[in-house]
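First up is the structure itself, then whatever we jot down about it.
There are 2 protein chains.
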Amino acid sequence: MAQFEMIAFDADDTLWHNERLYASAQARFKHLLMQYHDGEWIEERLYQTEINNLKHFGYGIKSFALSMIETAVELTEGRISGQDIRQIIQTAKEMLGAEVELLPHVAEVIPVLAERFPLMVITKGDLLDQESKMARSGLAAYFQHVEVVSDKTEGQYARLLEKHSIPPHRFLMVGNSLRSDVLPVLALGGSAVHVPHAFTWAHEEAEPPRGQPGFHALEHLGLLPGLLDALAQQGA
Amino acid sequence: MAQFEMIAFDADDTLWHNERLYASAQARFKHLLMQYHDGEWIEERLYQTEINNLKHFGYGIKSFALSMIETAVELTEGRISGQDIRQIIQTAKEMLGAEVELLPHVAEVIPVLAERFPLMVITKGDLLDQESKMARSGLAAYFQHVEVVSDKTEGQYARLLEKHSIPPHRFLMVGNSLRSDVLPVLALGGSAVHVPHAFTWAHEEAEPPRGQPGFHALEHLGLLPGLLDALAQQGA
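Structure below.
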């Protein structure tokens, strides 16, 4: 197996914590609405609103905030208070300003890998938010490119690989989402490492493609250099 | 003067109508709140909220929607109805789905220029919204790159020029905003063509840098090929 020309990383919940910000915002949201409905129903309606709004608003915190507001109006039949709406907007601002906390092993592994491979980041979400988190993460210097994309489909990956002149079989993607980081890359003939995260949004879940060529799963990012060594030896 | 290696265009209100969508949304917003305040005060508070929120939410329709909601809560001291909040969110969805209407001369001029120069688009706003408008505009095939950026500062332009290996003095930017499309490009030693648009957001206004080398102003995009011919002759 040839060494990789580019290793790309997802950012949210691969390099740094993210989903727990959403979980905590959702807990506050449920608390706001608990006089109207039970928690499970609130969660289900919010999720449905988010999915319906993806085509309008895309991914990210601003989209999530608009979906929370829409769900709050709907679930209270318009009786939500202005004060509660203000709190939802305030929650969104706090999420956007939250400290960027790297996941375990990231601070050690990324600099080591950057000496051996060109690295890039491929992430969804709001442009300004992702750029700001990258700047605050202390990792920016290790990545040659940061690509914020509106969705992570096979077509989007194909365009990125073409733009950067990377042959798919020399490309490795590392991330926590089977749906966004693994399956579309394998479909293009690339390799992908799934590093599961304790919290993963239901929308990102999929069946692991066990046994498919190019698919690897690791418990945490600290194991990535060892996997790359093993793959290089197999190729030798 | 050397011919340009790259001509870049702003998108909103340079290639297609945009600000009038905001103006019409703002008119609906004022109508919602007219029982509470007079129009001028509503406009002023909305503008202040938008400016304060730029650092959190950046540019684009989602950010505008969140600022309208925040302003509505504030100006009604929390008495805004759920129904009115729903209407603001609905307005945002309609803006995102609005027909892309090219400005005069764009459909004729862009294909002609694309035969003579590499063209690209550099635009602010939401990634998904800008990609979707570009796809619907019918112009995508004429642009080698579409760059959606979180802000149009001198630093952002410097990074883009480096990324695409374009020397500043061989770069021409065309757009309707002096603040975003003209001044930062001139500061880098590039050239810029200002094509004013009837509606320009107050935040984008600035003093025209008349007489500064590399600065040009045109009444409409139809005059751009003639300007490029004149500049090429001066350089010969």
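Protein chains in written order, with my numbering: chain Y, 21 to 256; chain G, 21 to 256.
Glycine residues also receive a C-beta, built at the ideal position from the N, C-alpha and C atoms.
Here the structure is a predicted model, which is why all the values come from computation and not from measurement.
Glutamate 167 of chain Y sits in a strand when the DSSP states are folded into three classes. Straight-line measurement puts the Cα of glycine 255 of chain Y at about 48 Å from the Cα of glycine 80 of chain G. According to the DSSP secondary-structure assignment, histidine 236 of chain Y is paired through a beta bridge with Y:Val213. DSSP places isoleucine 27 of chain Y in the uninterrupted beta strand (DSSP E) bounded by 26-29. Looking at G:Ala85, G:Leu35, G:Thr34, the one whose alpha-carbon comes closest to that of arginine 48 of chain G is G:Ala85. A direct Cα-to-Cα measurement between glutamate 225 of chain Y and threonine 34 of chain Y gives close to 15 Å. Closer than 7 Å at the C-beta level to chain Y, one finds these residues of the region 155-185 of chain G: Val168, Ser170. Per DSSP, reduced to three states, the secondary structure at methionine 54 of chain Y is coil, with no helix or strand assignment. In this structure, DSSP gives leucine 159 of chain G a state outside helix and strand, which the three-state scheme calls coil.
When the Cα atoms are used, glutamate 135 of chain G and isoleucine 27 of chain G turn out to be separated by approximately 12 Å. The region 116-131 of chain Y and the region 153-164 of chain Y touch, with three or more beta-carbon pairs separated by less than 8 Å. Chain Y places no beta carbon closer than 8 Å to that of phenylalanine 49 of chain G, leaving this residue out of the contacts.
Across the structure, alanine 112 of chain Y and lysine 153 of chain Y are spaced so that their CA atoms are roughly 15 Å apart. Under DSSP, isoleucine 71 of chain Y takes part in no beta bridge, so it has no partner. Closest in C-alpha terms to glutamine 232 of chain Y, from the list Y:Gln150, Y:Ala207, Y:Pro187, Y:Leu41, comes Y:Ala207.
By the neighbour-count definition (other C-beta atoms within 10 Å, threshold 16), valine 132 of chain G is an exposed residue. In terms of Cβ geometry, serine 200 of chain Y and lysine 172 of chain Y form a close pair [threshold 8 Å]. Taking CB atoms only, histidine 76 of chain G has a neighbour in chain Y less than 8 Å away.
For alanine 28 of chain Y, no chain G residue has a C-beta closer than 8 Å to its own C-beta; the minimum C-beta separation is roughly 17 Å. Listed in chain order, the positions of the region 95-109 of chain G with a beta carbon within less than 8 Å of a beta carbon of chain Y are Thr96, Glu97, Gly98, Arg99, Ile100, Ser101, Gly102, Gln103, Ile105, Arg106, Ile109.
Looking at the backbone, the Cα of phenylalanine 77 of chain G and that of glutamine 110 of chain Y are separated by about 12 Å. Ranked by Cα distance from glycine 102 of chain Y, the first of G:Met115, G:Glu114, G:Met88 is G:Met88.
At least one CB atom of chain Y sits nearer than 8 Å to the CB of valine 93 of chain G.
Listed as beta-bridge partners of aspartate 32 of chain Y by DSSP are Y:Trp36.
In terms of CA proximity to leucine 41 of chain Y, Y:Trp221 leads the group Y:Pro245, Y:Gly175, Y:Trp221, Y:Gly59. From the beta-carbon of leucine 86 of chain G, the residues of chain Y found nearer than 8 Å are Lys82, Ala85, Leu86, Ile109, Ala112. Contact with chain Y is found for leucine 147 of chain G, since one of that chain's Cβ atoms lies less than 8 Å from the residue's Cβ. Under the three-state reduction of DSSP, threonine 111 of chain Y is assigned to helix. Proline 228 of chain G is classed as exposed because its beta carbon has fewer than 16 other beta carbons within 10 Å across all chains shown. Here serine 170 of chain Y is not near lysine 82 of chain G, since their CB atoms are 8 Å or more apart.
Per the DSSP secondary-structure output, glycine 195 of chain G pairs in a beta bridge with G:His214. Among the CB atoms of chain Y, none fall inside 8 Å of the CB of leucine 41 of chain G.
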